[in-house]
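In our numbering, the protein residues as written are 1 to 345. Written out below as structure tokens is the structure these notes cover.
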Amino acid sequence: MNLDTLVRQNVRDLKPYSSARDDFQGVAQVYLDANENPNPSAYNRYPDPFQRELKKHIGLIKGVDPKNIFLGNGSDEPIDLLFRAFCEPSIDNVVIPQPTYGMYAVSANINNVKIKSSPLTEDFDLDVNSILTTIDSNSKLLFLCSPNNPSGNLLSRQKVVDLLKVFSGLVILDEAYIDFAGTESYATMLQEYHNLVVLQTLSKAWGLAAIRLGMCFAHEGVIDILNKIKPPYNISILTQQVALAQLDHEARKNQWVAEIVRERNKISAALAALPVVLHVFPSDANFLLVKVRNAKEVYQKLIRAGIVVRDRSSVILCDDCLRITIGTPEENQKLLSGLNATNGL
Ligand SMILES: Cc1ncc(COP(=O)(O)O)c(C=O)c1O
1 MNLDTLVRQN
11 VRDLKPYSSA
21 RDDFQGVAQV
31 YLDANENPNP
41 SAYNRYPDPF
51 QRELKKHIGL
61 IKGVDPKNIF
71 LGNGSDEPID
81 LLFRAFCEPS
91 IDNVVIPQPT
101 YGMYAVSANI
111 NNVKIKSSPL
121 TEDFDLDVNS
131 ILTTIDSNSK
141 LLFLCSPNNP
151 SGNLLSRQKV
161 VDLLKVFSGL
171 VILDEAYIDF
181 AGTESYATML
191 QEYHNLVVLQ
201 TLSKAWGLAA
211 IRLGMCFAHE
221 GVIDILNKIK
231 PPYNISILTQ
241 QVALAQLDHE
251 ARKNQWVAEI
261 VRERNKISAA
271 LAALPVVLHV
281 FPSDANFLLV
291 KVRNAKEVYQ
301 KLIRAGIVVR
311 DRSSVILCDD
321 CLRITIGTPE
331 ENQKLLSGLN
341 ATNGL
């Protein structure tokens, strides 16, 4: 991979904005450099634009050097920045195996970047040959989601590695649901594959969807480019503080994950036994993709019972499928009762 030719020329040549906190990084007695309000409050100062303390903690937990970490306003921010950094609008394209998380395509459309779709196999794994024939010399990003949303399964590791070896653009590996899968993160391969970009988030296993903190692990050169184009203070001090406090409770996170995985396996078996359910797809995530008799009617009946799931029946390979998040044991019981009441469908 040659980063110099991969990055957009205007980004390569860009002189980035330099914030007051970039220009002076030491400790001073008097700060008159950032046009802040001098009257003391917990929040009158701009936050660290590079979130050094938080990256140190995340680095220790994830086994990733802080220089290989970029933090964003949810994973959605690095996804968008990758388009802006590497894809020349209306010239370059990105490859997206479908079905998968919808934001890759939305970000592509916002940035006026062509999408080359390639279907996953019937069991939602990668079709490497189809992807390879889809790629051309303008393909800059390849989006892989493992465990995949909405199917819930891990992609085959060997196939991912095969693609990492041959693709000359960046392979974006979205691991939003990795904690529920019990497998090693691809972040361990960053030194080996410089075209690998791993996305994780605090929104799922860590229970912090509201604070918006996405993590991006990549080669230092890629991280430098993302830092160059990001808004100067993209992570608020509130988010940094709450994230730091939560990261001190890894054992609690692991307990939540264990309970959700236990419930997932229990609910998967219980769902499979219901007459309205035609198939429960195997899941390595905190949700299940479930094929039912007449998804739209089942969805509406559940809504009337006060239970909201996600209707994915219009998505490729997901005919009559609902995506159901694993809730608390009580919530899952309500779901099963609600579905039982749809027996007549
Ligand atoms: C695969 C995948 N990636 C990323 C996200 C969003 O993550 P964040 O909340 O960090 O923006 C989601 C949310 O559902 C997702 O399913």
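In this text, a Cβ means the ideal position worked out from N, Cα and C, and glycines have one as well.
Residue i, DSSP secondary structure in three states
| i | result |
| --- | --- |
| Asn-68 | helix |
| Lys-15 | coil |
| Leu-134 | Before going further, note that residue 134 is Thr rather than Leu in the sequence given. Helix, per DSSP. |
| Asp-311 | strand |
| Gly-59 | helix |
| Ser-118 | strand |
| Ala-295 | helix |
| Met-1 | coil |
| Arg-157 | helix |
| Thr-239 | helix |
| Arg-8 | coil |
| Arg-323 | strand |
| Gln-51 | coil |
| Glu-184 | coil |
| Asn-112 | coil |
| Tyr-193 | coil |
| Leu-27 | It is Val, not Leu, that sits at residue 27 in the sequence shown. Note: Val-27 maps to coil in three-state DSSP. |
| Leu-126 | coil |
| Phe-86 | helix |
| Lys-230 | coil |
| Asp-33 | coil |
| Ala-258 | helix |
| Ala-251 | helix |
| Leu-274 | coil |
| Asn-332 | helix |
| Ile-316 | coil |
| Ala-305 | coil |
| Pro-78 | helix |
Residues sharing a beta bridge with residue i, DSSP
| i | result |
| --- | --- |
| Ser-139 | Asn-93 |
| Leu-208 | DSSP, once it has assigned bridges, lists no residue as partnering Leu-208. |
| Val-385 | With the chain running from 1 to 345 in the structure shown, residue 385 is simply not present. |
| Cys-145 | Asp-174 |
| Leu-199 | Asp-174, Cys-216 |
| Gln-98 | Pro-119 |
Residue nearest to residue i in terms of C-alpha spacing, selected from the options
| i | options | result |
| --- | --- | --- |
| Glu-330 | Glu-175, Gln-300, Lys-266, Ile-61 | Lys-266 |
| Thr-342 | Arg-323, Pro-99, Ala-295 | Ala-295 |
| Leu-208 | Lys-291, Asp-127, Val-242 | Val-242 |
| Asp-65 | Asp-76, Ser-75, Glu-53 | Glu-53 |
| Thr-183 | Gly-169, Ser-156, Leu-164 | Ser-156 |
| Thr-325 | Ala-205, Ala-273, Lys-230 | Ala-205 |
| Thr-121 | Val-27, Arg-293, Ser-130 | Ser-130 |
| Asn-254 | Ser-268, Ile-178, Leu-141 | Ile-178 |
| Tyr-104 | Ile-61, Ser-314, Asn-138, Asn-148 | Asn-148 |
| Ser-313 | Pro-150, Lys-15, Glu-263 | Pro-150 |
| Asn-10 | Leu-322, Glu-88, Ser-18 | Glu-88 |
| Asp-4 | Gly-169, Pro-275, Gln-333 | Gly-169 |
| Ile-237 | Phe-124, Ser-41, Tyr-17, Arg-12 | Ser-41 |
| Ala-218 | Thr-188, Ile-235, Gln-240 | Thr-188 |
| Glu-77 | Leu-213, Thr-133, Val-171 | Leu-213 |
| Gly-152 | Pro-99, Ile-115, Lys-140 | Pro-99 |
| Val-128 | Leu-199, Asp-162, Trp-256, Pro-38 | Asp-162 |
| Ile-96 | Glu-250, Val-171, Gln-51, Ala-270 | Val-171 |
Exposure label - residue i; buried when at least 16 CB within 10 Å
| i | result |
| --- | --- |
| Ile-316 | exposed |
| Gly-221 | exposed |
| Thr-201 | buried |
| Gln-191 | exposed |
| Arg-84 | buried |
| Tyr-43 | exposed |
| Pro-47 | buried |
| Asp-33 | exposed |
| Leu-60 | exposed |
| Lys-333 | Lys is not the amino acid found at residue 333; the sequence shown has Gln there. Exposed, since its Cβ has fewer than 16 Cβ neighbours within 10 Å. |
| Ile-91 | exposed |
| Glu-36 | exposed |
| Val-27 | exposed |
| Arg-262 | exposed |
| Glu-259 | exposed |
| Lys-140 | buried |
| Tyr-17 | exposed |
Test: residue i CB closer than 8 Å to a CB of chain C
| i | result |
| --- | --- |
| Val-222 | Absence of chain C from the displayed structure is noted, only one protein chain being present. |
On the three-pair Cβ rule with 8 Å, is the segment 69-77 touching the segment 210-226?
-> yes
Which residues are close to ligand 2, meaning CB closer than 6 Å to any heavy atom, in chain order?
-> As for ligand 2, it is missing from this structure, which binds only ligand 1.
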